[in-house]
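Each residue of the sequence shown is one higher than the one before, counting from 24 in our numbering.
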Amino acid sequence: MRLPPSGSASQRSAYASIRATMRSATGPGVATTMPDGSPQLTQTWVDADGEHVLINSVESHQKTRNIARDPRVAIAVADPAQPASYVQIRGRVARVTTEGAVEHIEALAQKYLGGPYPWSGGRDQVRVLYVIQPERISGPRG
């Protein structure tokens, strides 16, 4: 996700567009792989740190078990202003941590809800932060 310093003007423009779409996304989805090889898709909130895509989940969810077994993920992020415009990111989970995960979900709640995280599953949930290294980034035209 880092803007290549020596990229062409069109590459810099594409990366700027991707970052803008990620900042304004309303309902991104992340795909993981089930034990039988079938896809598992979850609507989730996304964020980026400039180099990685960040997602947040609960330790007991299926997505967590899938990622522990196979770190490959795909993320689709649609632009709410232009629903036919999207970004697809394929990559691998490079790091899984609970450190900072509660603060991260609260920041995501501010972004997506405009307020604090509702903790519908209870405050005793163990939050997990996934740091994803993008390997391929594409849009509707490849």
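Ideal placement from N, C-alpha and C gives every residue a C-beta, glycine not left out.
#### Entry: Supposed contact pair H84 and V154 - C-beta distance, whole angstroms, cut 8 Å
Actually they do not touch by this definition, with Cβ atoms about 17 Å apart.
### Message
Please return the same chain residues whose Cβ sits closer than 8 Å to the Cβ of E158, not counting the five positions on each side in sequence.
### Response
R113, G114, R115
### Task
Please determine, among I78, K86, E126, the residue with the shortest C-alpha to C-alpha distance to Q63.
For Q63, the closest C-alpha among the options I78, K86, E126 is that of K86.
### Message
By the DSSP assignment, the beta strand (DSSP E) with Y135 in it spans what residues?
### Response
Premise fails: Y135 lies in the alpha helix (DSSP H), 124-136, not in any beta strand (DSSP E).
### Task
Look up Q85 in the DSSP assignment and say whether it is helix, strand or coil.
helix
### Alpha-carbon to alpha-carbon, T56 and R95
8 Å
### Query
Start and end of the beta strand (DSSP E) containing T120?
105-120
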